[in-house]
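Number of protein chains: 2
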Amino acid sequence: MKGSKFDNKMSPGGLAFQPLYKQVEEHVTQLIVEQRWKPGEMLPNEFQLAEEFGVSQGTVRKALNTLTQSKVLTRRQGVGTFVSEHTGHQALYRFFPVVEDNQAPQLPEAEIVSFQLQSPSVDVAKQLDLSANEQVVHLSRKRLINDIACLLEDIYLPEKYFPGLHEMAELPHTLYHFYQLNFNLTVHKTTDRIKAILADEKDAEILGINKGDPLLMFTRLTRSLEGKLIEFRVNRCRSDNYHYLVDLD
Amino acid sequence: MKGSKFDNKMSPGGLAFQPLYKQVEEHVTQLIVEQRWKPGEMLPNEFQLAEEFGVSQGTVRKALNTLTQSKVLTRRQGVGTFVSEHTGHQALYRFFPVVEDNQAPQLPEAEIVSFQLQSPSVDVAKQLDLSANEQVVHLSRKRLINDIACLLEDIYLPEKYFPGLHEMAELPHTLYHFYQLNFNLTVHKTTDRIKAILADEKDAEILGINKGDPLLMFTRLTRSLEGKLIEFRVNRCRSDNYHYLVDLD
DNA sequence: TAGTGGTCTAGACCACATT
DNA sequence: ATGTGGTCTAGACCACTAC
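Chains A and B are the protein sequences, given in the same order. For the first sequence, the residue numbers in UniProt numbering are 1 to 249. For the second sequence, the residue numbers in UniProt numbering are 1 to 249.
Below, the structure is given as structure tokens:
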């Protein structure tokens, strides 16, 4: 018997047809979201998946390669296919765009300034698409490169996606890995919007600069693998000796 | 006879082996640089290219698809494979990251402020990797969204890559398409470095803001398809009602 | 109707990592 | 020696576009 999980035919209503490899891609993503394989774990090989899904090995390969390009999976020749984890140098640099001028990129330390459960402001609620009664965990951090404070982060996390977070005693530096391990939320895409502002008295004090100095301010909206809006950040970054680096291609 | 242009074997010195599809990819890129097919022109179909290169159609397909992902080629089902042109909405938005707050992205107009051949400053020469005696064309522009000035651009182009540019009377708004048409230079990759600064008197006057207002300042280094450093830009952007938008994934 | 790219399959062989 | 992903091929069939 050759039971195909997927369908190759146009649906009767004239709805969108999806090629098999695309269906496999979405199915594998769904299985990861459902934790059939957890971050760091190995998937079955291409032939096993092909049999399970009722498609050919080449079709599975195309789907897995696409998911590798979008960094959902990691493939290693001779070893296997793994669910990507937010660890390792590459993954850590992936979402940290701030670089010291004339220096190679370097990973920052993090110091927690405050941490509390609260009702979101109107703006935060709007950004995260929350209704009036939903709460957020507000985390404020200072980040240091080479022991010098360069960045202030205000991070807002919907309590509904991070249940119990506000009662935890310790948080690690690598938040995105922490989300993945503890709440099954894998950061997949972010959008940053960058503006220039003037440092107020508080910013100036924490960052060791002067009031009125120009700062980079960037807000970040983060979506998980399953498309949830899981994080809103407001960042203020010293611009005297640091910049935001981005490659467009 | 089955003359293969390419070689599948490891070179004797133990040098880097390249798979066939990668060799095809680079060869096609080279042919575009050499203008065997110009921007907008159609390539032969997969079977013709496969025969010419002495590989299978599937190998050609893989190479062409990769080049489509990196936007060197454009493929249209039922029509053919074309060398990408820097025209059309998509291509124009591709390298313009400034957006009005709370608005959909919109294309700006351009007004030329000054335009001259000059010796580069030390910094410009260093950024573009020019030796002391090489000259640059310096173009200064003002950009407007909805008839409001929002961005000042200082653009530096090595004269050696743009021969005769400084004698041209008129320049179009869409510079990247202009480079492609007139100098066979296709913009392929850019790196932006973003900082915050304070507007000086001149910036303030041209942008219609106040001296000391915060501005986004971003520098851009641009590489062509063949890897030449062809452009250095210094941009100053109003931050009161505009921001720099970037997706990280 | 003819020609193009898009999808899917099947199978051979290679390179790499582990045991 | 075994098992994995990587490369390459050959061929069938489909979907879209243009004439």
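Here a beta-carbon is modelled for each residue, glycine too, at the ideal position from N, C-alpha and C.
Check whether residue i and residue j have beta carbons under 8 Å apart
i                : j                : result
Leu221 (chain B) : Arg238 (chain B) : no
Asp154 (chain B) : Ser140 (chain B) : yes
Leu152 (chain A) : Leu207 (chain A) : yes
Val90 (chain A)  : Leu117 (chain A) : Per the sequence shown, the amino acid found at residue 90 (chain A) is Gln instead of Val. The answer is no: Cβ separation not under 8 Å.
Thr74 (chain B)  : Val24 (chain B)  : no
Ile194 (chain A) : Ile194 (chain B) : yes
Pro158 (chain A) : Leu130 (chain A) : yes
Cys150 (chain B) : Tyr93 (chain B)  : no
Pro120 (chain A) : Tyr156 (chain A) : yes
Leu128 (chain A) : Phe232 (chain A) : yes
Integer-rounded CB distance, given that residue j should sit under 8 Å from residue i
i                : j                : result
Leu225 (chain B) : Val72 (chain B)  : 7 Å
Lys38 (chain B)  : Val83 (chain B)  : 6 Å
Ala110 (chain A) : Arg143 (chain A) : 5 Å
Asp192 (chain A) : Asp213 (chain A) : At roughly 21 Å, the Cβ-Cβ gap does not stay under 8 Å, so Asp192 (chain A) and Asp213 (chain A) are not in contact.
Thr190 (chain A) : Phe95 (chain A)  : 6 Å
Within-8 Å CB hit, residue i to chain B
i                : result
Arg193 (chain A) : yes
Tyr244 (chain A) : yes
Asp203 (chain A) : no
Ala104 (chain A) : no
Ser56 (chain A)  : no
Thr190 (chain A) : yes
Ser84 (chain A)  : no
Asp249 (chain A) : yes
Leu20 (chain A)  : no
Ala91 (chain A)  : no
Lys2 (chain A)   : Unreliable positioning characterises Lys2 (chain A) in this predicted model, as indicated by a pLDDT of 39, which lies under 50. A coordinate reading is not provided.
Neighbourhood of residue i by C-beta distance below 8 Å, restricted to the same chain and skipping five residues each side
i                : result
Asn45 (chain A)  : Gly80 and Thr81
Pro97 (chain B)  : Asp192, Tyr244, Leu245 and Val246
Gly3 (chain A)   : Confidence is the limiting factor: at Gly3 (chain A) the pLDDT is only 49, short of 50, which leaves the residue's position unreliable and the question unanswerable from this model.
Asp147 (chain B) : Glu109
Phe115 (chain A) : Val137, His138, Leu139, Ser140, His166 and Leu171
Met10 (chain A)  : Note that Met10 (chain A) scores a pLDDT of 44, beneath 50, so its modelled location is shaky; the value from the coordinates is reported in the next line. Cβ neighbours of Met10 (chain A) beyond the five flanking positions: Phe17.
Asp101 (chain B) : Asn241, Tyr242 and His243
Other residues of its chain near residue i: CB distance less than 7 Å, five sequence neighbours each side excluded
i                : result
Phe162 (chain B) : Val137 and Phe183
Glu201 (chain B) : Lys211
Gly40 (chain A)  : Phe82, Val83 and Glu85
Any chain A beta carbon closer than 8 Å to residue i
i                : result
Pro214 (chain B) : yes
Phe95 (chain B)  : yes
Asp147 (chain B) : no
Ser224 (chain B) : no
Met10 (chain B)  : In this predicted model, Met10 (chain B) has a pLDDT of only 44, less than 50, meaning its place in the structure is not dependable; the value taken from the coordinates is given anyway. No, its Cβ sits nowhere closer than 8 Å to a Cβ of chain A.
Leu139 (chain B) : no
Ser239 (chain B) : yes
Arg233 (chain B) : no
Leu198 (chain B) : yes
Residues of its chain near residue i, where Cβ-Cβ distance is below 6 Å and the 5 sequence neighbours each way are ignored
i                : result
Asn210 (chain A) : Ala204
Val187 (chain A) : Tyr176 and Thr222
Ile230 (chain B) : Tyr161, Leu185, Thr222 and Ser224
His86 (chain A)  : Tyr176, His177 and Gln180
Ile197 (chain B) : Leu215 and Met217
Val234 (chain B) : Asp154 and Thr219
Gln57 (chain A)  : Glu46, Phe47 and Ala50
Leu20 (chain B)  : Phe6, Val55 and Thr59
Ile32 (chain B)  : Val83
**Q.** Residue ranges of each beta strand (DSSP E) within the UniProt domain "HTH gntR-type" (18-86) of chain B, 3 or longer
**A.** 73-76 and 80-83
Q) Mind pulling the beta strand (DSSP E) runs of 3 or more residues that sit fully within the stretch 171-245 of chain A? A) Entirely contained in the stretch 171-245 of chain A, the beta strand (DSSP E) runs reaching 3 residues are, in chain order, 187-198, 214-224 and 229-238.
Q | Runs of alpha helix (DSSP H) lying entirely within the stretch 113-174 of chain B, each at least 4 residues, in chain order | A | 122-127
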